[in-house]
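**Q** Reading the sequence shown from the start, the letters are residues 62 to 335 in the numbering used here. C-beta atoms are modelled at their ideal positions from N, C-alpha and C, and glycine is treated no differently.
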Amino acid sequence: MINYTERLTLLMQDIVRRVPTLSFIDVADVLVFARSGRSNAEGAFATCHCLTLPASEPGYYFWRDRKTRHITRRSEWFVTKSPVVTLGTRNIKYMISFALPRYCDQSLDRTRKEHLYPGADPWIAKLDTVVHELYHIDPQLAGIRRIEREDGTFSANCHGHQFFEQVAGMVHTYLNSEPPPSAYEFLRDDFSSLEAQHGGVVATTFRTFPSFPQRYIERLAQQPPCDADTQEVRVEPLHAVQQPTRYTEDDLHIRQFTAATSSRLIRKGAFRAA
Ligand SMILES: [Zn+2]
62 MINYTERLTL LMQDIVRRVP TLSFIDVADV LVFARSGRSN AEGAFATCHC LTLPASEPGY
122 YFWRDRKTRH ITRRSEWFVT KSPVVTLGTR NIKYMISFAL PRYCDQSLDR TRKEHLYPGA
182 DPWIAKLDTV VHELYHIDPQ LAGIRRIERE DGTFSANCHG HQFFEQVAGM VHTYLNSEPP
242 PSAYEFLRDD FSSLEAQHGG VVATTFRTFP SFPQRYIERL AQQPPCDADT QEVRVEPLHA
302 VQQPTRYTED DLHIRQFTAA TSSRLIRKGA FRAA
């Protein structure tokens with residue numbers, strides 16, 4: 062069977078070697094995993110998740126009375142934090158998730174990317190997505206890359222005006238560097254031909270599948286006084302976090318994906334740090 066997330070990781074290693082704009086990335090800081098996404102359903106093909114953001118400032122939720130606009134209740138104080146994901150002794154800084162089988166069935170035809178690749182093979186859309194997600198990694202490894210406007214200020218939107226053109230430029234830089242076809246040829250196949258050729262498609266997922274590490278809320282142990290508090294304001298306890306906040310290689314599974322579903326393989330997959 063083809064291990065799709067492993068192939069994507071190897072492809073990323075080749076891309077950051079050949080594309081100067083992305084050469085600051087050490088792919089060992091990046092964990093690639095799969096989520097499920099049907100080919101005929103709406104949704105993202107891939108997502109870049111940052112794990113390096115610091116804890117937020119303390120805050121609380123509150124509710125107002127519709128008529129009086131007074132606060133009637135609030136939650137306890139909390140901060141939001143990034144989960145910690147370690148492989149061996151190494152802290153993972155970013156994760157890139159791919160929706161399977163949707164990503165494998167992506168094509169350039171009739172997409173907004175099409176005009177950036179005149180006459181190109183349809184599978185180039187998948188290479189574009191890989192470069193797109195890598196381009197979201199911030200050169201200071203502090204969050205999602207902010208896009209500088211022409212006047213030197215930063216856009217709040219992580220897809221700036223020229224983002225898609227810049228991604229296409231890096232895709233061309235990569236292809237013009239004459240990469241070995243073995244690095245990217247698996248992108249030529251859609252999901253059903255991958256299954257036919259390899260007898261199945263497997264990928265790294267988290268033990269908590271379909272859940273995966275995400276920012277979470279932590280109650281402040283010391284609850285400071287709050288300006289909003291009056292006699293009428295009820296303070297609601299926060300619910301404990303349902304999902305783990307720390308993950309290691311023991312939390313990674315190898316899962317087989319099919320067109321409609323996915324199942325965990327009994328054989329536990331060793332994660333190969335790339
Ligand atoms: Zn994006």
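For residue 303 and residue 152, what's the separation of their Cα atoms in angstroms?
**A** 22 Å
**Q** Quick one, are the C-beta atoms of residue 100 and residue 162 less than 8 Å apart?
**A** yes
**Q** Taking 6 Å as the limit between beta carbons, can you name the residues of its chain near residue 330, skipping five residues before and five after?
**A** With a pLDDT of 41 at residue 330, under the threshold of 50, the modelled position of that residue is not reliable, and the figure given next carries that caveat. Cβ within range, chain order: 315.
**Q** Answer yes or no: the CB of residue 110 versus the heavy atoms of ligand 1, is any distance below 7 Å?
**A** no
**Q** Verify the contact flag: residue 287, CB atom, against every heavy atom of ligand 1, threshold strictly below 7 Å.
**A** no
**Q** Considering only the alpha carbon of each residue, which of 291, 188, 312, 65 lies closest to residue 356?
**A** In the structure as shown, the chain begins at 62 and stops at 335. Residue 356 is therefore absent and cannot be evaluated.
**Q** With 16 other CB atoms within 10 Å as the buried threshold, where does residue 326 fall?
**A** exposed
**Q** So which residues put a beta carbon under 6 Å from any heavy atom of ligand 1, going in chain order?
**A** 193, 197, 220
**Q** How about residue 79 and residue 235: do their beta carbons lie closer than 8 Å?
**A** yes
**Q** Do residue 146 and residue 274 have their C-beta atoms within less than 8 Å of each other?
**A** yes
**Q** Answer with buried or exposed for residue 268, where buried requires no fewer than 16 other C-beta atoms within 10 angstroms of its C-beta.
**A** Result: exposed.
**Q** Determine contact between the segment 277-297 and the segment 225-240, defined as no fewer than three beta-carbon pairs at a distance below 8 Å.
**A** no
**Q** Could you round the C-beta distance between residue 143 and residue 112 to whole angstroms and report it? I think they count as a contact, below 8 Å.
**A** With a Cβ gap of about 5 Å, residue 143 and residue 112 count as contacting.
**Q** Apply the 10 Å Cβ neighbour rule to residue 344 and answer buried if 16 or more other Cβ atoms are within range, or exposed otherwise.
**A** For residue 344 there is no data in the structure shown, the boundaries of the chain being 62 and 335.
**Q** Below 6 Å CB to CB, which residues in the same chain sit around residue 85 once its five sequence neighbours on both sides are set aside?
**A** 200
**Q** Between which residues of its own chain and residue 307 is the CB-CB distance below 6 Å, once the five residues before and five after are set aside?
**A** Scanning its chain for C-beta atoms nearer than 6 Å, with the 5 sequence neighbours on each side dropped, one finds around residue 307 the residues 145, in chain order.
**Q** How far does the alpha helix (DSSP H) with residue 253 in it reach, from first residue to last?
**A** First-last of the alpha helix (DSSP H) with residue 253: 252-259.
**Q** Spatial neighbours of residue 126 within its chain, please: CB distance less than 6 Å, with the 5 preceding and 5 following residues excluded, ordered by chain position.
**A** 133
**Q** On the criterion of 16 or more Cβ atoms from any shown chain inside 10 Å, does residue 107 qualify as buried, or is it exposed?
**A** buried
**Q** With 16 as the cutoff for other CB atoms within 10 Å, does residue 131 come out buried or exposed?
**A** With fewer than 16 other Cβ atoms within 10 Å, it is exposed.
**Q** Using a Cβ-Cβ cut-off of 8 Å (strictly less than) and excluding sequence neighbours within five positions of residue 62, which residues of its own chain qualify?
**A** 259, 260, 261, 262, 263, 317
**Q** Between residue 184 and residue 171, what straight-line distance do the alpha-carbon atoms span, to the nearest angstrom?
**A** 13 Å
**Q** When the distance is taken between beta carbons, is residue 95 closer than 8 Å to residue 65?
**A** In this structure, residue 95 lies closer than 8 Å to residue 65 by Cβ.
**Q** Residue 156 by DSSP, collapsed to three states: which one?
**A** strand
**Q** Alpha carbons only, please: which of 194, 232, 231 is nearest the one belonging to residue 220?
**A** 194
**Q** CA-CA distance, residue 323 and residue 97?
**A** 8 Å
**Q** Among 290, 281, 300, which has the Cα closest to the Cα of residue 116?
**A** For residue 116, the closest of 290, 281, 300 by C-alpha to C-alpha distance is 281.
**Q** CB-CB under 6 Å to residue 76, same chain, minus the five flanking residues each way: which ones, in chain order?
**A** 235
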